[in-house]
Amino acid sequence: FPGVAQLLAEKGLVRAAKPFVYYARYREADRSVKAGWYEIPATFTPAEVLSLLVDGPNLYDRITLPEGLWLGESISLLAAGLQLDSLVLDSLARSPDFQAAMELPGPTLEGYLYPETYHFGRGVDEPAVLAHLAGQFRAFWNGTRRARAEELGMSVAAITTLASIVEAEAVVDEERVRIAAVFHNRLERGMLLQADPTVQYARGNRKKLYYRHLEIDSPYNTYRYGGLPPSPICSPGAAAMQATLYPLEGCEDLYFVATRDGSGRHAFSRTIREHNRAREEAARQSKSP
1 FPGVAQLLAE KGLVRAAKPF VYYARYREAD RSVKAGWYEI PATFTPAEVL SLLVDGPNLY
61 DRITLPEGLW LGESISLLAA GLQLDSLVLD SLARSPDFQA AMELPGPTLE GYLYPETYHF
121 GRGVDEPAVL AHLAGQFRAF WNGTRRARAE ELGMSVAAIT TLASIVEAEA VVDEERVRIA
181 AVFHNRLERG MLLQADPTVQ YARGNRKKLY YRHLEIDSPY NTYRYGGLPP SPICSPGAAA
241 MQATLYPLEG CEDLYFVATR DGSGRHAFSR TIREHNRARE EAARQSKSP
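Residue numbering for the sequence shown follows our numbering, starting at 1 and increasing by one per position.
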């Protein structure tokens, strides 16, 4: 604390360091000061300065992690927004030891950096940021949601992985529960998920897919490998997770295709014949001026 008092004196925020130290000790507050960045008005009295230091930092960086980001994209956003070292963030996010310490399924933090708007005190370090985001993910998984996952016969990791695919597929919010239902139905029937975003993830980019890409030999390619991918393909938001836990009841659809009319919606089908007709219609829409 004497070092803090000296800095305050040098900045002209208290008249002298020693009297401020004695005052803080008298108030039994010298060990309650919180580290961080502060904006302290020059008009503050010593008592007001001390109260502020005890309350905690009042300078924050605000950052929003959108839903659907890949791990590398999240790291780039965090590094730029919070002035952190992207290499340190990436190393931690891919470290099995750090993953275990965060009590998350792994193998990396892909899918577990909870999308939300955050406020971090200036000067926060890389482990603290990732730990906070991982903590928000754990907080989402309350007892009710864990029990629901068990009802579905799925683990937290499995729900998160499926939710990441729902997140990547859905454009219109209200379609999430129906898209989730389609994937649940396909899994129950032992059908391949055949989700385009998993192929893009396997390729390492979101460029347009061609039929040749569906043959990529990767466990993340759900056109070649059954069941779920080994881990999430992006960070699903709360809405996608909730939709995956509570898919549309009574839905018997097994297929969907983007309508390509600019709405972001999909055409859903129960049979392959219906689906092929929907695909033909979508192709016509994409060719129309």
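Ideal Cβ placement from N, Cα and C applies to all residues, glycine included.
Just so you know, these numbers come straight off a predicted model, no measurement behind them.
Where residue i sits in the DSSP three-state scheme
| i | result |
| --- | --- |
| A195 | coil |
| D253 | coil |
| S95 | coil |
| D217 | coil |
| T374 | Nothing in the structure corresponds to residue 374, since the chain is present only between 1 and 289. |
| K207 | coil |
| E67 | coil |
| A29 | coil |
| S231 | coil |
| E110 | coil |
| T222 | coil |
| A170 | coil |
| A157 | helix |
| V14 | coil |
C-beta contact flag for residue i and residue j at 7 Å
| i | j | result |
| --- | --- | --- |
| T160 | P232 | yes |
| L104 | F98 | no |
| V49 | L7 | no |
| E169 | I179 | yes |
First and last residue of the uninterrupted alpha helix (DSSP H) at residue i
| i | result |
| --- | --- |
| R138 | 126 to 140 |
| Y118 | Per DSSP, Y118 belongs to no alpha helix (DSSP H); it is in the beta strand (DSSP E), 117 to 121. |
| K18 | 17 to 26 |
| M102 | Looking at the DSSP string, M102 is not in any alpha helix (DSSP H), and its letter there is neither H nor E. |
| Q242 | 238 to 245 |
| E188 | 176 to 188 |
The beta strand (DSSP E) enclosing residue i, as first and last residue numbers
| i | result |
| --- | --- |
| G3 | Unbroken run through G3 is the alpha helix (DSSP H), 2 to 10; no beta strand (DSSP E). |
| R146 | Not the beta strand (DSSP E): R146 falls in the alpha helix (DSSP H), residues 143 to 151. |
| F268 | 266 to 269 |
| R62 | 60 to 64 |
| T43 | Careful: T43 lies outside any beta strand (DSSP E) and carries neither H nor E. |
Alpha carbon of residue i to alpha carbon of residue j, nearest angstrom
| i | j | result |
| --- | --- | --- |
| L187 | A131 | 33 Å |
| I124 | L113 | Rather than Ile, the amino acid found at residue 124 in this sequence is Val. So the two alpha carbons sit approximately 17 Å from each other. |
| M191 | R277 | 20 Å |
| L82 | D196 | 33 Å |
| A24 | D30 | 5 Å |
| V172 | R265 | 6 Å |
| I272 | V129 | 46 Å |
| S95 | E110 | 11 Å |
| L65 | L77 | 8 Å |
| P303 | A5 | With the chain covering 1 to 289 only, the question about residue 303 has no answer from this structure. |
| K11 | K34 | 18 Å |
| Y210 | R203 | 12 Å |
| R62 | H119 | 5 Å |
| A267 | G121 | 46 Å |
| N185 | A80 | 41 Å |
| I216 | I165 | 18 Å |
Whole-number beta carbon distance between residue j and residue i, since they are thought to touch under 8 Å
| i | j | result |
| --- | --- | --- |
| C234 | A181 | Between A181 and C234 the Cβ distance is about 20 Å, and since that is not below 8 Å, they are no contact. |
| E126 | L89 | 5 Å |
| S32 | V54 | 5 Å |
| P247 | E67 | At roughly 18 Å, the Cβ-Cβ gap does not stay under 8 Å, so P247 and E67 are not in contact. |
Contact test: residue i Cβ vs the ligand SAM heavy atom, cutoff 6 Å
| i | result |
| --- | --- |
| L192 | For the ligand SAM, the structure offers nothing, since it holds no ligand at all. |
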